[in-house]
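Data first, discussion second: the structure below is written as structure tokens.
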Amino acid sequence: MNITTSDAILLAHAAFGALGTLSALWVFVDALNAREQNARRIRSAAFAVAFCIAAAWVLGGYWYLHFYPADKILILNGPWPFAHKLFMETKEHLFFLTLILSFYLPLATRDALHSNRAARRMVLCVALLIAFSGLAIEGAGAVVNRGAEVALLRANAKRL
Amino acid sequence: MIAEAGTPKLGRTSAPFALSAAITIVFNTALACLKDVYTPLKNAMSFAGHQDWTTQGVADVVLFVVLGLIFLRTSLAEKLNPNRMISLLIGASILAGVGLVAWYALH
């Protein structure tokens, strides 16, 4: 088994992204049944969203700056250049939307969700936006990964 | 800090930062497009933060915090209808997301 630093950082980035998305879904479900008793749990889950997405940002940013340039050249010269031009470009900028919403979520959950319908609706919408954008970003990451794979497969096929 | 029970209002912190988030999200998409068409901006962003993407992320977070604090002091966001605020945030997110996909698909 040979797991490089690049692999470990990339997997941790994707894992934190998935955990952040799942935590947003947790906030959504708990907020649907908001009561005084689960207010603290909702706030904790909202902080988990902010923490996980921030960790995904730092890890993904480090990997993007130090390891992605080689993959980018590979993808652009491979059969799936759109994996970078469309999916990576969109993913890396769409991520900031999720990041800002994730930083906002703990602030939104400070309101009394069980008695304030407007505040509850806000939390539900923000949590859902984080979950959907998080899933879209995870999917885009898979396309970028596949873009590098098909480029390597083609390069290997040419050598054989 | 927290809206009173039964009142259809967002909290004192929640409303200003919701407005700030909506503006920051649109700003992020506008900046992503602008730096692609105006190379000096991209170069300046690369110079400021090692890579333009790094600068953009930091700029977004700083803008979100600063605007949130400004709106918190001015209580401008509290005057907005909560439903309108929610629609604004959803609209900004959809516009920004679709805008980014369209920009990179056509650019």
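Just so you know, the sequences run in chain order S and E. Numbered per this note's numbering, the first sequence spans residues 1 to 160. Numbered per this note's numbering, the second sequence spans residues 1001 to 1107. C-beta: ideal position from N, C-alpha, C; glycine also. Quantities reported herein were computed from a predicted structural model and do not represent experimental measurements.
- At a Cβ-Cβ threshold of 8 Å, E:Leu-1010 and S:Ala-119 count as neighbours.
- In the displayed model, S:Asp-111 falls within coil according to three-state DSSP, outside both helix and strand.
- The Cβ neighbour count for S:Leu-160, taken over all protein chains shown within 10 Å, is under 16; the residue is labelled exposed.
- Taking 8 Å as the cut-off, the beta carbon of S:Val-150 is found closer than this to the beta carbon of S:Pro-79.
- Only buried fits S:Val-27, as 16 or more other CB atoms lie within 10 angstroms of its CB.
- E:Thr-1013 sits in coil when the DSSP states are folded into three classes, being neither helix nor strand.
- Under the 8 Å Cβ criterion, the region 1051 to 1058 of chain E counts as touching the region 47 to 66 of chain S, having at least three qualifying pairs.
- Rounded to whole angstroms, the separation of the alpha carbons of S:Gly-17 and S:Asn-38 is 24 Å.
- Inclusion of S:Thr-109 and S:Arg-43 in the CB contact set at 8 Å is warranted, their separation being smaller than that value.
- Residue-level contact by beta carbon holds for S:Gly-61 and chain E, with a gap shorter than 8 Å.
- The beta-carbon of S:Thr-90 is placed less than 8 Å from the nearest beta-carbon of chain E.
- Interface annotation, S:Ala-118: in contact with chain E, CB-CB separation under 8 Å.
- A contact is defined here as three or more CB-CB pairs under 8 Å, and the region 1059 to 1076 of chain E meets this definition with respect to the region 1014 to 1028 of chain E.
- Under the 10 Å beta carbon count, S:Asp-7 is surrounded by fewer than 16 other beta carbons and is classified as exposed.
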